[in-house]
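A.B. asks: If you want this note's numbering, it's the 1-based position in the sequence shown plus 2. Take this structure first; my questions come after.
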Amino acid sequence: MQALNFKPLQIQVYMNRIVLLAGLFLCQSVLSQTNEFILLKADRLFDGVDMHNGWSVLIKGNTIAEVGVINIYPGGTVIKTFKGTIMPGMIEGHSHLFLHPYNETTWNDQVLNESRAERTARAVNHAKATLMAGFTMVRDLGTEGAAYDDAGLKRAIQKGVIPGPRMLVATKAIVAKGAYGPHPENGEVEFPQGAAEVSGVDDMMREVRLQISKGADVIKLYADYSWGKNGETRPTLSQQEMATAVAVAHDAGLTVVAHAAGAEGMRRAVMAGVATVEHGDDGTKEVFELMKEKMVAFCPTLAAGDATSQYRGWKKGMEPEPARIQVKRKTFQLALQA
3 MQALNFKPLQ
13 IQVYMNRIVL
23 LAGLFLCQSV
33 LSQTNEFILL
43 KADRLFDGVD
53 MHNGWSVLIK
63 GNTIAEVGVI
73 NIYPGGTVIK
83 TFKGTIMPGM
93 IEGHSHLFLH
103 PYNETTWNDQ
113 VLNESRAERT
123 ARAVNHAKAT
133 LMAGFTMVRD
143 LGTEGAAYDD
153 AGLKRAIQKG
163 VIPGPRMLVA
173 TKAIVAKGAY
183 GPHPENGEVE
193 FPQGAAEVSG
203 VDDMMREVRL
213 QISKGADVIK
223 LYADYSWGKN
233 GETRPTLSQQ
243 EMATAVAVAH
253 DAGLTVVAHA
263 AGAEGMRRAV
273 MAGVATVEHG
283 DDGTKEVFEL
293 MKEKMVAFCP
303 TLAAGDATSQ
313 YRGWKKGMEP
323 EPARIQVKRK
333 TFQLALQA
């Protein structure tokens with residue numbers, strides 16, 4: 003099915019009475035094994051751009067066969083009628099199915115104290131919940147210490163072993179040596195890391211090729227991180243290191259995404275040729291204009307910052323917005339203006 007251009011504000015208006023197609027396909031492994039036709043009828047259908055009254059969806063197996071005003075359909079078709087609006091499944095642009103919320107367990111504890119079997123079990127539950135929430139595709143940007151298990155989760159969904167959305171996976175993601183975590187207080191202790199560490203162009207080339215061989219659909223880089231002397235966000239990878247990752251990934255037909263919260267990390271990533279910048283909390287007018295010039299997309303992860311602030315004690319709607327939320331609001335407006 004052709005990708006549809008969603009208008010988020012329009013979607014918001016109709017969300018109170020929407021039937022999401024994803025929620026109808028929990029048993030996709032069963033549907034894919036049959037040629038049964040199902041006709042979904044509702045009051046309206048939102049195609050991602052326009053609202054249509056009286057439109058229906060005809061499904062064969064697990065494939066959409068026809069959308070529109072459908073008056074003729076095969077005999078024996080199962081007809082399901084709903085009140086409300088049908089719309090296509092949504093895409094989650096930045097997910098981590100192998101993590102659970104930090105108000106349940108800290109990031110360090112997940113990476114250090116939970117087995118990969120436990121984390122995969124959680125990821126299976128998260129995949130099902132994501133599908134049932136109406137998301138038919140996710141871009142999962144790093145297992146955060148769970149190695150290449152996202153590639154296995156993706157294959158299990160594809161085979162119909164478990165229900166879940168289609169997945170684009172980044173496997174381990176890539177960080178500069180010493181920039182990420184967990185960090186031991188004893189420098190002689192080696193902790194498992196939440197991403198693959200590299201130092202230099204040669205390391206980067208080897209790691210990108212390794213992650214491609216393990217099933218990565220995208221390569222994720224950490225262009226900056228909160229590793230400054232006082233915990234402030236500082237650039238990590240050099241522009242040359244990131245450009246090397248982009249070149250190797252492009253040779254294999256893959257794109258590169260960059261975690262970047264600060265303006266300098268964002269600038270380096272954009273000049274290196276990444277496809278998207280993630281977060282961009284402290285982006286500037288100049289860097290957003292550069293992104294527009296270089297045709298780099300922006301995934302601002304607004305909900306993540308909001309949730310993290312609440313985990314830290316902010317009572318949303320009862321207390322003033324934290325400084326980080328206010329900054330994010332301003333930088334997102336700069337992005338929109340650009």
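All C-beta atoms, glycine included, are put in the ideal place defined by N, C-alpha and C.
1) When you compare only the Cα positions, how much space is there between Arg124 and Ala306?
2) What are the start and end residues of each continuous alpha helix (DSSP H) run of 4 or more residues lying completely inside the stretch 255-292, in chain order?
3) When we look at the beta-carbon of Ala325 and count the other beta-carbons within 10 Å, is it buried (16 or more) or exposed?
4) One question on the structure: do Gly91 and Phe137 come within less than 8 Å of each other, judged by their Cβ atoms?
5) Below 8 Å, can you find three or more Cβ-Cβ pairs linking the stretch 231-249 to the stretch 291-299?
6) Going by DSSP, what residues sit across from Ser58 in a beta bridge?
7) Express the C-alpha separation of Val259 and Glu199 in angstroms, rounding to a whole number.
8) Quick check: the Cα distance between Ala274 and Gly282, rounded to an integer number of angstroms?
9) Inspect the CB distances between the stretch 216-236 and the stretch 172-189 and report whether three or more fall short of 8 Å.
10) Looking only at its own chain, which residues have a Cβ that is under 6 Å from the Cβ of Ile164, when we skip the five neighbours before and after it?
11) When you compare the CB positions of Ile76 and Phe39, do they come within less than 8 Å of one another, or not?
12) How is the beta strand (DSSP E) around Ala178 delimited, first residue to last?
13) DSSP on Asp226, reduced to helix/strand/coil?
14) Quick check: Gly244 and Arg270, are their CB atoms within less than 8 Å of each other?
15) Enumerate, from N- to C-terminal direction, the unbroken beta strand (DSSP E) stretches of 3 or more residues contained entirely within the stretch 141-210.
16) Could you say which of Ile93, Arg236, Ser240, Gly50 lies nearest to Ala265 if we only look at CA atoms?
17) Mind pulling the alpha helix (DSSP H) runs of 4 or more residues that sit fully within the stretch 291-328?
18) Under the assumption that Met169 contacts Lys156 (Cβ atoms under 8 Å), give the Cβ distance between them as a whole number of angstroms.
19) With a Cβ-Cβ cutoff of 8 Å, do Pro184 and Leu133 count as a contact?
20) Mark Ala5 as exposed unless 16 or more other C-beta atoms lie within 10 angstroms of its C-beta, in which case mark it buried.
21) I'd like the list of long-range same chain contacts for Thr303, defined as Cβ closer than 7 Å, with 5 residues on each side in sequence excluded.
22) Measure the CB-CB distance between Tyr313 and Asn115 and report whether it falls below 8 Å.
23) Determine the burial state of Glu187: buried for a count of at least 16 other Cβ atoms within 10 Å of its Cβ, exposed for fewer.
C.D. replies: From the atom records:
1) Approximately 19 Å, taken between the alpha carbons.
2) Entirely contained in the stretch 255-292, the alpha helix (DSSP H) runs reaching 4 residues are, in chain order, 265-274.
3) Around the beta-carbon of Ala325, fewer than 16 other beta-carbon atoms lie within 10 Å, marking it exposed.
4) Taking 8 Å as the Cβ cut-off, Gly91 and Phe137 qualify as a contacting pair.
5) Using a Cβ-Cβ distance cut-off of 8 Å, the stretch 231-249 and the stretch 291-299 are not in contact, since fewer than three pairs of beta carbons, one from each stretch, lie closer than that value.
6) Answer by DSSP bridge pairing, in chain order: Lys43, Gly70.
7) Each residue's Cα considered, the two are about 16 Å apart.
8) If I take the Cα positions, the gap works out to 16 Å.
9) Using a Cβ-Cβ distance cut-off of 8 Å, the stretch 216-236 and the stretch 172-189 are in contact, since at least three pairs of beta carbons, one from each stretch, lie closer than that value.
10) Excluding residues within five positions, the ones whose Cβ falls inside 6 Å are Val126, Ala158.
11) Note that residue 76 is Pro in the sequence shown, not Ile. Contact flag set, yes.
12) Here the beta strand (DSSP E) through Ala178 covers 176-178.
13) Three-state DSSP puts Asp226 in a strand.
14) Looking at the sequence provided, one finds Met at residue 244 rather than Gly. Pairing Met244 with Arg270 gives a Cβ-Cβ distance under 8 Å.
15) Within the stretch 141-210, the complete beta strand (DSSP E) runs of at least 3 residues are 168-171, 176-178, 198-200.
16) The candidate whose alpha carbon is nearest that of Ala265 is Arg236.
17) Complete alpha helix (DSSP H) runs here, min 4: 304-313.
18) In this structure Met169 touches Lys156 by the C-beta definition: roughly 4 Å separates them, less than 8 Å.
19) Contact: no.
20) For Ala5, the predicted structure reports a pLDDT of 35, less than 50, and the residue's modelled location is therefore unreliable. The matter cannot be settled from this model.
21) Answer for Thr303: His96, Glu280, His281, listed in chain order.
22) No, the pair does not count as a contact, with Cβ atoms beyond the cut-off.
23) With fewer than 16 other Cβ atoms within 10 Å, it is exposed.
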